[in-house]
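Under the working numbering, the first residue of the sequence shown is numbered 3, with each subsequent residue one higher.
Think of the CB as a built atom: it goes at the ideal place given N, C-alpha and C, for glycine as much as any other residue.
Here is the structure we will look at.
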Amino acid sequence: MKHKIIWNAIERLAKDNGLSCSGLAKLSGLDATTFNKSKRITADGRKRWLSMESLNKVLQATSTS
Numbered sequence: 003m004k005h006k007i008i009w010n011a012i013e014r015l016a017k018d019n020g021l022s023c024s025g026l027a028k029l030s031g032l033d034a035t036t037f038n039k040s041k042r043i044t045a046d047g048r049k050r051w052l053s054m055e056s057l058n059k060v061l062q063a064t065s066t067s
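Written out as structure tokens, the structure reads:
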């Protein structure tokens, strides 16, 4: 799985549910800044991956199987 594919899927889930990425994060019970583009890469340049827990929360909140 590629980093960009995961983040594109998060953006698509947000859009498909009429939400911004921030709104999707809040709906999922996460901090509103969780999916900000600025947080997708760490300060030292490493890719930041979603945890399985966060991904599961998003899937449940959007009723996505």
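1. Which residues share a DSSP beta bridge with I43?
2. Among the candidates L26, N19, D33, L52, whose CA atom is the shortest distance from the CA of L3?
3. Go through its chain and collect everything with a Cβ distance to S22's Cβ below 7 Å, but skip five positions before and after it.
4. Report, in whole angstroms, the separation of the C-beta atoms of D33 and A27, which I expect to be a contact under 8 Å.
5. Comparing alpha-carbon positions, which option in H5, I7, E13 lies nearest V60?
Short version:
1. BP columns for I43 point to K49.
2. Checking the sequence, you will find Met at residue 3 rather than Leu. Comparing Cα-Cα distances from M3 to each of L26, N19, D33, L52, the minimum goes to L52.
3. A16.
4. Indeed they touch by this definition, with Cβ atoms about 6 Å apart.
5. With respect to the C-alpha of V60, the residue from H5, I7, E13 having the closest C-alpha is E13.
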